[in-house]
Amino acid sequence: HGSRYDVVHTASFPYFSLLAAAALRPVRGFRLVVDWHEVWSRDYWREYLGPLRGRLGNAVQKACLRVPQRAFCFSHLHARRLREGGVRGEVSVLEGEYTGPLEVPDPVEADEVVVFAGRHIPEKRAPALVPALAEARKRIAGLRGAVYGDGPDRPEVLRARERHGLEDALEVPGFVEAQELERALRSALCMVLPSRREGYGMVVIEAAAQGTPSVVVAGADNAAEELVSEGENGFVADSAAPADLADAIVRVHAAGLPLRRATVDWFRRNGRRLSLEASLEAVLGAYADSARR
Numbered sequence: 030h031g032s033r034y035d036v037v038h039t040a041s042f043p044y045f046s047l048l049a050a051a052a053l054r055p056v057r058g059f060r061l062v063v064d065w066h067e068v069w070s071r072d073y074w075r076e077y078l079g080p081l082r083g084r085l086g087n088a089v090q091k092a093c094l095r096v097p098q099r100a101f102c103f104s105h106l107h108a109r110r111l112r113e114g115g116v117r118g119e120v121s122v123l124e125g126e127y128t129g130p131l132e133v134p135d136p137v138e139a140d141e142v143v144v145f146a147g148r149h150i151p152e153k154r155a156p157a158l159v160p161a162l163a164e165a166r167k168r169i170a171g172l173r174g175a176v177y178g179d180g181p182d183r184p185e186v187l188r189a190r191e192r193h194g195l196e197d198a199l200e201v202p203g204f205v206e207a208q209e210l211e212r213a214l215r216s217a218l219c220m221v222l223p224s225r226r227e228g229y230g231m232v233v234i235e236a237a238a239q240g241t242p243s244v245v246v247a248g249a250d251n252a253a254e255e256l257v258s259e260g261e262n263g264f265v266a267d268s269a270a271p272a273d274l275a276d277a278i279v280r281v282h283a284a285g286l287p288l289r290r291a292t293v294d295w296f297r298r299n300g301r302r303l304s305l306e307a308s309l310e311a312v313l314g315a316y317a318d319s320a321r322r
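Take the position in the sequence shown, starting the count at 1, then add 29; the result is the number in the numbering used here.
What follows is the structure, encoded as structure tokens:
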């Protein structure tokens, strides 16, 4: 039924739905709009799936890039990769996925607690927070931590907690209600996201909406870096090594309430741009342009 539509809008992944729509596009006459949350590098494909399957995955991704399309992505990192990969069509960055309130309260004095919130999967490196907390506690007396979420790396988080003797200093409550997580973020010293790979990094914005700065890690595949303005709403650690993460946490602690005020100001300036509503307006504009063509 493609001829009934001006536009077919699909995610890039799983790739075969995109390729199926592309096969019908010349026959049915619709324009194709594609969301690219991530564009993986050749090296990451090989690391993730091994040499043979990694080459196959990378080849399928390249085939999808050759499809005539209007491409949307959610970071400048992946916009650059789309263009470098030779995508056939216009590329637009949709910076907004945040759906929470845009009115942020004035900041509060922080508890001395660092928070991780996310899935416990290898890419997010939740266990890295544990030795970093142990290291930071050498310089911040009484510092505590909370690791929210669940996933296959949760047992390693628990083992690391025991290994570093942090049973009384680190909570690992699993998934919690949204209101409980919001309260935890609002009172936290900082939100720590040690991820090596992020297509966006929503939790950085959610933390800023509570007036809480973030610590993220520099990395070739980490788009969350784009959401942190150094010294304004957090800091970018050089790596996920305990010393580097601890250094960034200590910098947040030393910056104190002025950094929390700066984080609130950052969100007030950027919240509208980072909202889902702003992205939807851009998408609707693309639909209208496609219909005119």
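Note that beta-carbon positions come from the ideal geometry of N, C-alpha and C, so glycine has one too. On a predicted model such as this, the values are computed, not experimentally measured, just so you know.
- Query: Roughly how many angstroms separate the alpha carbons of D276 and N262, rounded to a whole number?
  - Reply: 16 Å
- Message: Does the structure place the segment 224 to 233 close enough to the segment 270 to 290 that three or more beta carbon pairs sit under 8 Å?
- Response: no
- Item | Three-way DSSP call (helix, strand, coil) for R95 in this model | coil
- Task: Pick out whichever of E141, L309, A155 and P130 has its Cα sitting closest to the Cα of P242.
- Result: E141
- Leaving out the 5 sequence neighbours to the left and right, which residues in its chain are closer than 8 Å to H193 when beta-carbon positions are compared? V159, P160, L162 and A163
- Could you give the distance in angstroms between the alpha-carbon of R173 and the alpha-carbon of L53? 56 Å
- Item | Bridge partners - H38, DSSP secondary structure assignment | V62
- For the alpha helix (DSSP H) containing G323, list its first residue and its last residue. Nothing in the structure corresponds to residue 323, since the chain is present only between 30 and 322.
- Through-space distance from F103 to R75, alpha-carbon basis: 24 Å
- Item | Which of helix, strand or coil DSSP assigns to S121 | strand
- Query: Measuring CB to CB, does G178 end up less than 8 Å from A146?
  - Reply: yes
- Query: So what does DSSP say about Y177, is it helix, strand or coil?
  - Reply: strand
- Task: Starting from the C-beta of V232, find all residues in its chain whose C-beta is less than 7 Å away, skip the five residues before and the five after it, and write them out in chain order.
- Result: A146, G147, M220 and L222
- With 16 other CB atoms within 10 Å as the buried threshold, where does G79 fall? exposed
- Of all the options D250, L303, L313 and G260, which has the alpha carbon lying nearest to the alpha carbon of Y73? D250
- Query: So who's on the other strand from L78, going by DSSP bridges?
  - Reply: Bridge partners of L78: none, in fact.
- Query: Which residue from E132, P271 and F264 puts its Cα closest to that of R297?
  - Reply: E132
- Message: How far does the alpha helix (DSSP H) with L162 in it extend, from its first residue to its last?
- Response: L158 to A165
- Item | alpha helix (DSSP H) segments (min. 4 residues) lying fully within the segment 203 to 253 | 207 to 216 and 231 to 237
- Task: Could you check the C-alpha separation between W69 and A213 for me, to the nearest Å?
- Result: 33 Å
- Would you give the residue range spanned by the beta strand (DSSP E) that G263 belongs to? G263 to A266
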